[in-house]
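Heads up: the protein sequence lines correspond to chains A and B, in order. Here UniProt numbering is used: the first sequence runs in plain steps of one and ends on residue 285. Here UniProt numbering is used: the second sequence runs in plain steps of one and ends on residue 285. Quick reminder that beta carbons are idealized off the backbone N, C-alpha and C, glycines included. Here's the structure, in structure tokens; my notes come after.
Number of protein chains: 2
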Amino acid sequence: MPEIHSKFEDCVIVVGVGLIGGSIAAAIRQRYPACEVIGVGRCEKRLAAAKAAGLLTDFTTSVTENLLQRSALVVVCLPVDLIAAEVTRIALLAGDDVTITDAGSVKQAICKQVAANERSQRLFVGAHPIAGGEQGGFEYAEADLFSQKVCVVVDTADEARTDRVKRFWRGLECDVVTMTASEHDRTLALTSHLPHVMAAVTTSAVGPENLPMTGSGFRDVTRIAAGDPSLWRAILTGNRDEVIAAIKVAERLLVDYRTALETLDDDGIESLLRAAAEHRSQLDA
Amino acid sequence: MPEIHSKFEDCVIVVGVGLIGGSIAAAIRQRYPACEVIGVGRCEKRLAAAKAAGLLTDFTTSVTENLLQRSALVVVCLPVDLIAAEVTRIALLAGDDVTITDAGSVKQAICKQVAANERSQRLFVGAHPIAGGEQGGFEYAEADLFSQKVCVVVDTADEARTDRVKRFWRGLECDVVTMTASEHDRTLALTSHLPHVMAAVTTSAVGPENLPMTGSGFRDVTRIAAGDPSLWRAILTGNRDEVIAAIKVAERLLVDYRTALETLDDDGIESLLRAAAEHRSQLDA
């Protein structure tokens, strides 16, 4: 059920109008027509197209002090390795009535870099809506991309500011949960970053000559491997230690399967498969 | 485009009316209303339900000499570890005008067992349509499950018999390719059996407490892990050596990712991801 709040933001600045930024813009425009959505990006032509598509009320190629005069919430939707620097740059131009959040898939590295500056530390509340797709660009934006999806908000000492960010994401129909940046990264390494590596590995294990011999199962397992390699490099390297640990978990489980096969422990194979099947059946298809 | 043949079978016996057997029956009934489809299974009530659903023209709980008097094609759609014994049992009751094929996901073990008997060796032409789903039972049968899907037919010295089986699968709109049983098993270990293991491992790497933190990517990667554990035990153990080799390929690739992360070789990570993304983009979504 949509949880539409009577009090939403008056003006949201979306920095980076790709799939995520565009979907945030679309979600706001659809639910809160009175809220301005100002897109910020490098390419005016793309921004104009996003405005023409109804996602933005206005756009600009850089966040200025002037733009930030309006009490605004700024959502930084850049690749994870660019977020902290942009947050800090914006914070140095902004008054205390501006709050900055993000949508990055890693949180520790970003929060640590942001905390290196007292001003950006004060204005920033990190977030990560667990939603996305392997296609990039605002053309793939969906106003309901975040509906009923979990959004992690990293708790801060500034309760009012944290509440504003939680209210924002709830306004986009997210289920907001709070956790520390390190809890987030440890969890997402297993629930999102490892699956990407597994999809890529499964893809690479099959030579081009055998692609015609793949079925719908292969297609499902490998779908996300089509995602943007540079975005995913930034995510995996931005959560390096936890991703390494997650890969080790997968290596150990593969050894369990291989050992059971090698030692003719067919009951063992079935137990492993049954545990996974029962676990997976707790999620919908 | 449907490739409907003017000359199809007059009578097809489907042994095992689950997802695959049921879909074969549905495909025949839809395309060749003049062809009888006789279902064989253990449970009369289930068979009666499949007949009531329009999949079968008749059913019985066992293949008898009498039933096989009619020149018929028999398709054995049992779990892979039960196929060879059933093929042999049927062959010993059948005349030369009966041809037996199957739909099993492994071929070497089945063909080898079948070849142990001169009569079953003569009547059998192994096949594997690369199509399926994680839900079992004829209730999930689809008349178009095999359309435009590859069906591997294992070549035999008996050209007329092999052609009959190829014509049968083509009649269900499969793209028929012929290969040896060992070529089939080596390929499918990578394109189907390893992906199942990878999906199961990815599922098991995430604790129950973290399932709510999974997104659509995790759902895609792990979907097939919900498949029937005993069917998949039979497949993995029925293609043991090739599956072990395929798991080793995946283990090596995981080590490549881990080592690149550990040695701060971020370009290396991106190269691995890019190769997989380009490879995956050769398939549709």
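Asked, Found
"Short CB-CB distance (under 9 angstroms) between Met1(A) and chain B", "At Met1(A) the pLDDT is 39, less than 50, meaning the model places this residue with poor confidence; the figure from the coordinates comes in the next sentence. Taking Cβ atoms only, chain B never reaches closer than 9 angstroms to Met1(A), which makes this a no."
"Contacts of Glu159(A) in chain B (Cβ-Cβ under 8 angstroms)", "Within chain B, no residue comes near Glu159(A); the closest Cβ sits about 24 angstroms away, beyond 8 angstroms."
"Outcome for Cys111(B) when other beta-carbon atoms lying within 10 angstroms are tallied against a minimum of 16", "buried"
"Below-9 angstroms beta-carbon distance, Gln282(A) vs any chain B residue", "yes"
"Own chain, CB closer than 7 angstroms to Gly104(B), minus 5 neighbours either side, in chain order", "Val80, Ile83, Ile110, His128"
"According to DSSP, residues forming a beta bridge with Gly39(B)", "Val14(B), Phe59(B)"
"C-beta neighbour in chain A for Thr180(B), strict 9 angstroms", "no"
"Reference Cys43(A), options Cys174(A), Glu142(A), Val15(A), closest by Cα", "Val15(A)"
"Residues that Ser23(A) contacts on chain B, provided the C-beta gap is smaller than 9 angstroms", "Here the premise fails: no neighbours, minimum Cβ distance about 13 angstroms."
"Beta carbon proximity, Asn117(A) to chain B, threshold 9 angstroms", "no"
"Best match in Leu231(B), Gln148(B), Glu278(B), Thr263(B) for proximity to Asp266(A) [C-alpha to C-alpha]", "Leu231(B)"
"Beta carbon proximity, Asp58(B) to chain A, threshold 9 angstroms", "no"
"Classification of Asp10(A) by the beta-carbon crowding that lies within 10 angstroms, buried from 16 upward", "exposed"
"Segments of 4+ residues assigned as alpha helix (DSSP H) that fall wholly inside the segment 143-208 of chain A", "159-171, 181-188, 194-204"
"Three-state secondary structure assigned by DSSP to Asp220(B)", "helix"
"The segment 197-205 of chain A contacting the segment 236-253 of chain A, beta-carbon criterion three pairs below 8 angstroms", "yes"
"Beta-carbon contacts of Ile100(B) that lie in its chain and below 7 angstroms, excluding the five residues immediately before and after", "Val74, Val76, Val87, Ile90, Ala91, Leu123, Phe124"
"Within-9 angstroms CB hit, Tyr140(A) to chain B", "no"
"Straight-line Cα distance separating Glu242(B) from Ala189(B)", "6 angstroms"
"Buried versus exposed, by CB contacts within 10 Å (16 or more), His5(B)", "Caution is warranted here: a pLDDT of 49 is assigned to His5(B), below 50, making its placement in the model unreliable, and no coordinate value can be reported."
"Whole-number beta carbon distance between Ala277(B) and Ala226(A), since they are thought to touch under 8 angstroms", "5 angstroms"
"Residue(s) in a DSSP beta bridge with Ile100(A)", "Val74(A), Phe124(A)"
"Below-9 angstroms beta-carbon distance, Ala26(A) vs any chain B residue", "no"
"Asp158(A) to Leu194(A) span [Cα, whole Å]", "33 angstroms"
"Backbone secondary structure at Met79(A) - three-state DSSP", "A quick correction: the sequence has Pro, not Met, at residue 79(A). Of the three classes helix, strand and coil, the one that applies to Pro79(A) here is coil, per DSSP."
"Under 9 angstroms between C-beta atoms of Ile130(B) and Ser71(B)", "no"
"Local Cβ density within 10 Å of Gln108(A), reported as buried at 16 or more and exposed below that", "buried"
"Check whether Ala94(A) and Leu68(A) have beta carbons under 9 angstroms apart", "yes"
"Secondary structure of Pro229(A), DSSP reduced to three states", "helix"
"Start-to-end residues for the alpha helix (DSSP H) that takes in Leu211(B)", "Taken as a continuous stretch (DSSP letters only), Leu211(B) belongs to no alpha helix (DSSP H), as it is neither H nor E."
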